[in-house]
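Novice: Attaching a single structure in structure tokens format; questions to follow.
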Amino acid sequence: MRIGMFTASQWSAQDDPGQVLADLRQQVRTARDNGFCSLLLGQHLLSGPMGMFQTMPLMGQLVEDAAGMQIGPGVLLLSMMNPVLAAEEGATIDWLSNGNYVLAAGLGYREEEFQAMGVSIKNRVGRMNEGLEIIKRLWTEEVVNHQGRYFQLDNARPGVRPKQQPRPPIWLGGDVEAAVRRAARLADAWLAAPTMPFDQLA
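In our numbering, the protein residues as written are 155 to 356.
If you want it as structure tokens, here you go:
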């Protein structure tokens, strides 16, 4: 059996973010030293009044503390993000982590996040599906041309591609049957929501 660690890196208004970061780094080192195999970091935007570090730069800080562990977002809100940025940031983390990056992506559900990012929540499935296609191609191809509903690329040449070949693993999160089917179609694994009851998982 392999056991991983998940953290949302959240803190309350009275907490010191610097101390939160120091404590988190110690937790990760302890998990690593006790044989945990992976570290996933949650992502939300506009989480106030709760504080929350953003996932990708936080991973850049934690890769040494998590040396030897798989590391990735859990989950990256890909449906409201640009897949080019997600691909190149992910490839960068893959090099920083010595080839241990895993992309765990999800649809997102908070209306305020979609509004703030200028994206309709109604388009989240299509945007994520198309974004995943682009990421896979940017990770494996020298030049990418793509004319889709949400994104267009003309002779796009990625500035960095992953250390892992042919690409890092992709997991898709979700807690409904459609999410499981989507993961089977588009990803390498399904990431169950931490709130799912055991009888539903069975």
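Note that beta-carbon positions come from the ideal geometry of N, C-alpha and C, so glycine has one too.
Could you check what DSSP says for residue 157 in three-state terms: helix, strand or coil?
Specialist: Residue 157 falls in the coil class under three-state DSSP.
Novice: Just the Cα atoms here: how many angstroms apart are residue 258 and residue 324?
Specialist: Their Cα atoms are separated by approximately 6 Å.
Novice: What does DSSP give as the partner residue(s) for residue 195 in the beta ladder?
Specialist: Bridge partners of residue 195: 161 and 227.
Novice: Verify whether the separation of the beta carbon atoms of residue 283 and residue 340 is less than 8 Å.
Specialist: Contact: yes.
Novice: Within the same chain, show all residues whose beta-carbon is closer than 6 Å to that of residue 162, passing over the 5 residues directly before and after it, in chain order.
Specialist: Cβ within range, chain order: 196.
Novice: Report the partner residues of residue 255 according to the DSSP bridge assignment.
Specialist: Answer is 225.
Novice: Can you find at least 3 beta carbon pairs, one from the stretch 265-284 and one from the stretch 184-200, that sit closer than 8 Å?
Specialist: Flag = yes, the stretch 265-284 and the stretch 184-200 touch.
Novice: Please report how far the alpha carbon of residue 357 lies from the alpha carbon of residue 203, in whole angstroms.
Specialist: In the structure as shown, the chain begins at 155 and stops at 356. Residue 357 is therefore absent and cannot be evaluated.
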